[in-house]
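In our numbering, the protein residues as written are 35 to 265.
Note that CB positions come from ideal geometry on N, CA and C, so glycine has one too.
The model shown is predicted, which means the values in this text are computed figures rather than measured ones.
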């Protein structure tokens with residue numbers, strides 16, 4: 035007796051649109067092909083900022099989003115990061131100009147912990163004490179700003195370049211800056227580790243200036259080509 039053939043139902047993949055948050059007017063960031071819409075949860079997407087703002091001046095910036103929920107067949111995202119291209123950073127650096135690269139962790143009014151990395155280029159060759167003062171005031175200024183804004187408000191003002199303009203005006207009173215930019219903003223993953231590092235620094239009585247200079251040196255070394263590092 036012949037066996038009856040069993041037909042298996044073939045599951046088709048579907049296209050799920052990825053939707054930007056309100057700050058980008060819920061634009062479609064792209065689409066992804068999956069078997070089930072829920073499989074998109076937690077996915078991270080990177081998009082060129084110029085595509086979202088229609089402003090070619092921001093084409094050197096990449097913004098990152100993470101899928102927070104799937105509703106129906108649409109995936110809704112949150113803004114989680116902002117990063118400038120390495121090639122743009124290198125173009126900013128000029129001879130006979132002082133460069134400051136600073137990386138600090140802050141907490142917003144809604145308790146989001148994030149790391150902001152700043153690059154500052156002076157209009158002339160500033161001395162060491164001036165650069166130290168700029169670092170301190172930049173750090174304190176960002177501490178005040180971030181502590182009084184939600185992460186969403188902060189993100190919107192960074193994209194609109196409002197915060198950069200406000201802080202640069204304050205720093206220009208100390209020494210004129212040609213460039214003041216955030217080259218990276220992202221959620222801080224290891225908050226506990228950061229707090230431990232700060233505690234150790236306090237125990238050893240390491241000054242804020244020394245700690246800032248050490249972080250800046252490490253940041254600069256990480257940007258150097260391998261050939262320079264190994265020279």
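Look at the beta carbons and you see the segment 71-80 touching the segment 50-60: at least three pairs across the two are nearer than 8 angstroms.
Residue pairing for residue 97: DSSP places it in a beta bridge opposite 81 and 116. Inclusion of residue 217 and residue 118 in the CB contact set at 8 angstroms is warranted, their separation being smaller than that value.
Our two residues, residue 190 and residue 57, have alpha carbons roughly 6 angstroms apart in a direct line. In this structure, the alpha-carbon of residue 200 lies about 23 angstroms from that of residue 163. In the structure shown, residue 162 falls within a helical segment according to DSSP collapsed to helix, strand and coil. Taking all protein chains in view, the Cβ of residue 136 is crowded by 16 or more other Cβ atoms within 10 Å, so the residue is classified as buried.
Rounded to whole angstroms, residue 212 and residue 110 show a C-alpha spacing of 38 angstroms. Counting C-beta atoms within 10 angstroms of its own C-beta, residue 161 has fewer than 16 neighbours from the protein chains shown and is therefore classed as exposed.
For residue 197, the enclosing alpha helix (DSSP H) starts and ends at 196-206. In the DSSP secondary-structure assignment, residue 103 is bridged to 110. Here residue 134 is near residue 169, since their CB atoms are less than 8 angstroms apart.
Scanning its chain for C-beta atoms nearer than 8 angstroms, with the 5 sequence neighbours on each side dropped, one finds around residue 202 the residues 211 and 214, in chain order. The C-beta distance from residue 152 to residue 172 rounds to 6 angstroms, short enough to fall under 8 angstroms. For residue 222 and residue 146, the gap between their C-alpha atoms comes out near 9 angstroms. Closest in alpha carbon position to residue 174, among 45, 194, 65 and 205, is 205. A check of alpha carbon separations from residue 197 across 207, 177, 208 and 81 identifies 177 as the nearest.
Taking a C-beta distance under 8 angstroms as the contact criterion, residue 100 and residue 80 do not qualify as a contact pair. By the 16-neighbour rule on beta-carbons within 10 angstroms, residue 67 is exposed. Non-local C-beta neighbours of residue 95 in its own chain, meaning closer than 8 angstroms and more than five positions away in sequence, comprise 82, 83, 84, 116, 117, 118 and 119, ordered along the chain. Within a 10 Å sphere around the beta-carbon of residue 194 sit fewer than 16 other beta-carbons, which makes this residue exposed.
The shortest C-alpha to C-alpha distance from residue 143 to any of 105, 185 and 125 is the one to 185. One alpha carbon belongs to residue 62, the other to residue 122, and they sit about 27 angstroms apart.
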